[in-house]
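**Q** I have a structure I would like to understand better, so I am pasting it below and will then ask my questions one at a time.
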Amino acid sequence: MAMISASDFRNGVTFEMDGKVMQVVEFQHVKPGKGAAFVRTKMKNIITGGVTETSFNPTAKFEQAFVERKDMEYSYNDGDLYYFMDMETYDMLPISKNLLGDPFRFVKENMTCKVMSYKGSVFGVEAPNFVELEVTETDPGFKGDTATNVTKPATLETGTEIKVPLFINPGDKIKIDTRTGEYLERCKG
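Just so we're aligned, residue 1419 is where the sequence shown starts under our numbering, counting upward by one.
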């Protein structure tokens, strides 16, 4: 098993600690004037999502956790199960709704997501950072109304509602940042 020491921590590194898989969110090497140096680490439990902060001795060693991130295509959902297709084997993998996370509300069928697993068990699904979706419902836009800071609610083809500029019409395709849920731009054609 590959080991990693706290002095090698970088954002995104995953390691095992007390039987849990942790991911480094933030780290800071601290060298006090007196006493030993340490690594202040903010880390997230990748299974529960809980974030904790702790300090490590730079020489502390941990087993590196290899998290598999596999591109899979979202196919359909049946109740609380969401089915993803392995693009190499065409196998269907059912994933429980509570593992999908908030950005998944912008994912529609046939979009590619990253399915994250550790030692064979899926713990999360990463939606694409940017998606293009059609606006299915919103009040019609007004010609010449280009006020940029004024928004109106719009329903997307996934059923999710977001705020869009006034010039957006039903049928327009728009680009969204799934991490923030923000409208970015109207897509051409």
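Note that CB positions come from ideal geometry on N, CA and C, so glycine has one too.
Measure the C-alpha to C-alpha separation of Phe-1548 and Val-1540 and round it to an integer number of angstroms.
**A** The residue labelled residue 1548 in the question sits at position 130 within the sequence shown. The residue labelled residue 1540 in the question sits at position 122 within the sequence shown. Roughly 23 Å between the two C-alpha positions.
**Q** What does the Cβ neighbour count give for Pro-1583, buried or exposed, with the cut at 16 atoms within 10 Å?
**A** Position 165 of the sequence shown, counted from the start, is the residue given in the question as residue 1583. It counts as buried.
**Q** Tell me the DSSP bridge mates of Ser-1473?
**A** The residue you call residue 1473 lines up with position 55 of the sequence shown. Note: Ser-1473 sits in a beta bridge opposite Arg-1458.
**Q** Can the beta-carbon of Leu-1602 be found closer than 7 Å to that of Leu-1574?
**A** Position 184 of the sequence shown holds residue 1602. Position 156 of the sequence shown holds residue 1574. Taking 7 Å as the Cβ cut-off, Leu-1602 and Leu-1574 do not qualify as a contacting pair.
**Q** Pull the bridge partners of Ala-1478 from the DSSP assignment, please.
**A** In the sequence shown, the residue the question calls residue 1478 occupies position 60. According to DSSP, Ala-1478 bridges with nothing at all.
**Q** When the Cα of Met-1505 is compared with those of Lys-1515, Ser-1514 and Lys-1532, which residue comes out closest?
**A** Taking the sequence shown and counting its residues from 1, one reaches residue 1505 at position 87. For Met-1505, the nearest C-alpha among the options comes from Lys-1532.
**Q** Check for me: the beta strand (DSSP E) holding Asp-1489 runs from which residue to which?
**A** Translated into the one-based positions of the sequence shown, residue 1489 becomes position 71. Here the beta strand (DSSP E) through Asp-1489 covers 1485 to 1496.
**Q** Could you pull the DSSP bridge partners for Thr-1466 from this structure?
**A** To locate residue 1466, count along the sequence shown from 1; it is residue 48. Paired residues: none, contrary to the question.
**Q** Tell me Ile-1513's beta-bridge partners as DSSP assigns them.
**A** What you label residue 1513 is simply residue 95 of the sequence shown in a count that begins at 1. Its beta-bridge partners are Tyr-1500.
**Q** May I ask you to verify whether the region 1451 to 1460 touches the region 1497 to 1517, counting CB pairs closer than 8 Å and requiring at least 3?
**A** No, the region 1451 to 1460 is not in contact with the region 1497 to 1517.
**Q** On the criterion of 16 or more Cβ atoms from any shown chain inside 10 Å, does Tyr-1492 qualify as buried, or is it exposed?
**A** Here residue 1492 refers to the residue found at position 74 of the sequence shown. By the neighbour-count rule (16 or more Cβ atoms within 10 Å), Tyr-1492 is buried.
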